[in-house]
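What follows is a set of notes on a single structure, which appears directly below.
Number of protein chains: 2
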Amino acid sequence: MIRVLIVDDHEVVRQGLRFVLDQEEGIEVVGECGDGAEALAAVRAVRPSVVLLDMVMPGMDGLDVLRRLGPDRPAVIVLTSFQEDERVVAAVRLGALSYLPKTTAVDRVVEAVRAAAHGGSVLAPGVAALLVRQVRGGERRTPLDFLTPREREVLTALARGRSNSEIARALSLGKETVKTHVSSVLAKLGVADRTQAAIFGLQHGLVPLEEALEPETPKE
Amino acid sequence: MIRVLIVDDHEVVRQGLRFVLDQEEGIEVVGECGDGAEALAAVRAVRPSVVLLDMVMPGMDGLDVLRRLGPDRPAVIVLTSFQEDERVVAAVRLGALSYLPKTTAVDRVVEAVRAAAHGGSVLAPGVAALLVRQVRGGERRTPLDFLTPREREVLTALARGRSNSEIARALSLGKETVKTHVSSVLAKLGVADRTQAAIFGLQHGLVPLEEALEPETPKE
DNA sequence: GAGACCCTCCCCCGGCGGAGGGAGGGGAAA
DNA sequence: TTTCCCCTCCCTCCGCCGGGGGAGGGTCTC
């Protein structure tokens, strides 16, 4: 029996998944959670073999949950609305077996659950391509991949709406240095100015849109 | 019998809604659609009395569907992931009876369907507050409400990453004029620069994030 | 008609932003 | 070691951005 825990802040989605999975033989839904904190507790409590995890949730999001799962974690299938390049890769790095957009046909979800039960992956075509790109450094990569770590940090700050001097202060740098980084970022992304760079960063999930203008987000 | 059409690009969500609604007496799900174009066709074909409409879909989105529904339209309940101020108001203006976030408990969805069948509304608390603010101009309003039409246009362009001179060209204005508008926008939104204004605009759904850097989007 | 508001354009000016080039230190790989 | 890249900071130059103030013409309301 495959014991499944469903984590999603949308009750409708939880109902849908439960409905679909309950009809399957050998699969049992052992719990539902509406947020990340609940999910962690539930994982410890009911010891599911597979977790269906939504990426975007209020409070602790999917990535946070992945980070906090212990070493003997259940198999995790990420199910999300967005295909944000950054997050896909992050999720896989953090041990997610499958990463499926919510537009996925339910059959594929069932497949993924069965596969996950014995450590297998089912990837949506787009996601698969993305990972291949990432892992094998093959063909065309996101311009983001060409950024150095420092440049990413700067771009992240840009996407939060910070000015050069604010960034300098935040990263303990000279503003000259920040300008240098910003210039390379603009060049590498092929955009005209910081505003476009910020939008680009937001589009690629460097910063969740909701938090973008927040003064500080220590996240914890 | 209340005849319901479900429109959502996520099969999981469709299944969930169908499951929930099928259990209800007097409610019958007469169709499911995965995108806007399908939805319009289905409305004509099966003549549902209530449409559950997702706002964000590939291709023709929920607002487009609302715009294109004829005069003798079915009752429409908008069900969406985001509570983007702009779109809520737009949807209601376009005739949506209810506007519910997907985080809504399923009971409320059922309530909304029953209410919609005879022209009633069920609003999530947040949405209700928003509409009251909008309609009665009461208490605190979004800074967006203080913008003049022209300023909105300019902010929209800002959110697409346009420079002042590009905006001037696009709107057939002198760049001096654009600067004037940008200045008022910054002041009214209480932000420091155009980048922050752009982010603000994106957060409030003036431009869908995905389209933000697109060179032109005539939408059609 | 007087006010209020919006839209349009103008001026000045200071400063941030971005291009371009240079330079030193450090780490990693050939 | 030499080479290459990254990070750091410095410089100049200039254009765009944004603040402040002004001004004319439009509409709508009182």
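Going line by line, the protein sequences match chains A and B.
Oh and the first sequence: position 117 is 117 in full-length UniProt numbering, straight run, nothing missing.
Oh and the second sequence: position 32 is 32 in full-length UniProt numbering, straight run, nothing missing.
The beta carbon of each residue, even a glycine, is placed where N, CA and C say it ideally should be.
Helix, strand or coil at residue i [DSSP, three-state]
i	result
Ser184 of chain B	helix
Thr148 of chain A	coil
Asp54 of chain B	strand
Leu209 of chain B	helix
Leu158 of chain B	helix
Glu24 of chain B	coil
Gly62 of chain A	helix
Gly31 of chain B	strand
Gly16 of chain B	helix
Leu189 of chain A	helix
Gly138 of chain B	At Gly138 of chain B, the pLDDT of 41 sits below 50, so the modelled position is not reliable and the matter cannot be decided from this model.
Leu123 of chain A	strand
Leu171 of chain B	helix
Leu202 of chain B	helix
Glu176 of chain A	helix
Ser165 of chain A	helix
Glu214 of chain A	coil
Ala96 of chain B	coil
His118 of chain B	coil
Leu40 of chain A	helix
Nearest-angstrom beta carbon gap, residue j and residue i [assumed within contact, 8 Å]
i	j	result
Gly31 of chain B	Leu53 of chain B	Contact flag wrong, Cβ pair sits at about 12 Å.
Val12 of chain A	Val109 of chain B	7 Å
Ala159 of chain A	Ala212 of chain A	6 Å
Asp107 of chain A	Met57 of chain A	That belief does not hold up - the Cβ atoms of Asp107 of chain A and Met57 of chain A are roughly 25 Å apart, past 8 Å.
Thr156 of chain B	Leu97 of chain B	Not really, about 27 Å apart at Cβ, beyond 8 Å.
Ala37 of chain B	Leu63 of chain B	The pair is not a contact, with the Cβ atoms about 14 Å apart (cut-off 8 Å).
Leu209 of chain A	Leu209 of chain B	6 Å
Val65 of chain A	Gly95 of chain A	Actually they are not in contact, since the Cβ atoms of Val65 of chain A and Gly95 of chain A sit about 11 Å apart, beyond 8 Å.
Gln15 of chain B	Gly161 of chain A	Contact flag wrong, Cβ pair sits at about 39 Å.
Met60 of chain B	Asp22 of chain B	No, Met60 of chain B and Asp22 of chain B are not in contact; Cβ-Cβ is about 27 Å, not under 8 Å.
Glu24 of chain A	Met1 of chain A	Not confirmed; about 11 Å, so no contact.
Val182 of chain B	Asn164 of chain B	7 Å
One or two residues paired with residue i in a DSSP bridge
i	result
Thr80 of chain B	B:Pro101
Ala91 of chain B	Paired residue(s): none; Ala91 of chain B is not in a bridge.
Val7 of chain A	A:Cys33 and A:Leu53
Ala75 of chain A	A:Val50
Ile2 of chain A	A:Ile27
Spatially closest choice to residue i from the options, by CA coordinates
i	options	result
Phe146 of chain B	B:Leu173, B:Val122 and B:Leu186	B:Leu186
Arg44 of chain A	A:Leu189, A:His118 and A:Pro74	A:Pro74
Thr142 of chain B	B:Gln203, B:Glu28 and B:Val113	B:Gln203
Val78 of chain A	A:Val113, A:Thr195, A:Ile167 and A:Ser184	A:Val113
Gly119 of chain B	B:Asp72, B:Arg68 and B:Met60	B:Asp72
Val178 of chain A	A:Val191, A:Arg152 and A:Gly201	A:Arg152
Arg93 of chain A	A:Arg67, A:Ser172 and A:Ala116	A:Arg67
Thr148 of chain A	A:Val122, A:Ala117 and A:Lys188	A:Lys188
Gly201 of chain B	B:Leu173, B:Val154 and B:Thr104	B:Val154
Asp88 of chain A	A:Asp193, A:Met55, A:Arg150 and A:Leu40	The question names Asp, yet the displayed sequence has Val at residue 88 of chain A. When each option's Cα is compared against that of Val88 of chain A, the closest is A:Met55.
Thr104 of chain A	A:Ser81, A:Ala116 and A:Ser121	A:Ser81
Glu111 of chain B	B:Val7, B:Leu40 and B:Val20	B:Val20
Arg3 of chain A	A:Glu214, A:Val46, A:Leu123 and A:Leu69	A:Val46
Ala42 of chain A	A:Thr180, A:Leu69, A:Ala116 and A:Glu214	A:Leu69
residue 250 of chain A	A:Glu176, A:Cys33, A:Leu123 and A:Ala116	Nothing can be reported for residue 250 of chain A, as the shown portion of chain A is limited to 1 through 220.
Leu17 of chain A	A:Lys102, A:Pro48 and A:Gly26	A:Lys102
Requested in this report: Taking only beta carbons into account, state which residues of the segment 175-201 of chain A come closer than 9 Å to chain B, listed in chain order.
Outcome: Val191, Ala192, Asp193, Arg194, Thr195, Gln196, Ala197, Ala198, Ile199 and Phe200
Query raised in the report: Along the segment 202-213 of chain A, what residues have a CB closer than 8 Å to any CB found in chain B?
Result: Leu202, Gln203, Leu209, Glu210, Ala212 and Leu213
Query raised in the report: Name the residues in the segment 83-103 of chain A whose C-beta lies less than 7 Å from a C-beta of chain B; which are they?
Result: Lys102 and Thr103
Query raised in the report: Along the segment 10-37 of chain B, what residues have a CB closer than 9 Å to any CB found in chain A?
Result: His10, Glu11, Val12, Val13, Arg14, Gln15, Gly16, Leu17, Arg18, Phe19, Val20 and Gly34
Report task. Can you give me, in chain order, the residues of the segment 103-116 of chain A that have a beta carbon less than 8 Å from any beta carbon in chain B? Result -> Thr103, Thr104, Ala105, Val106 and Val109
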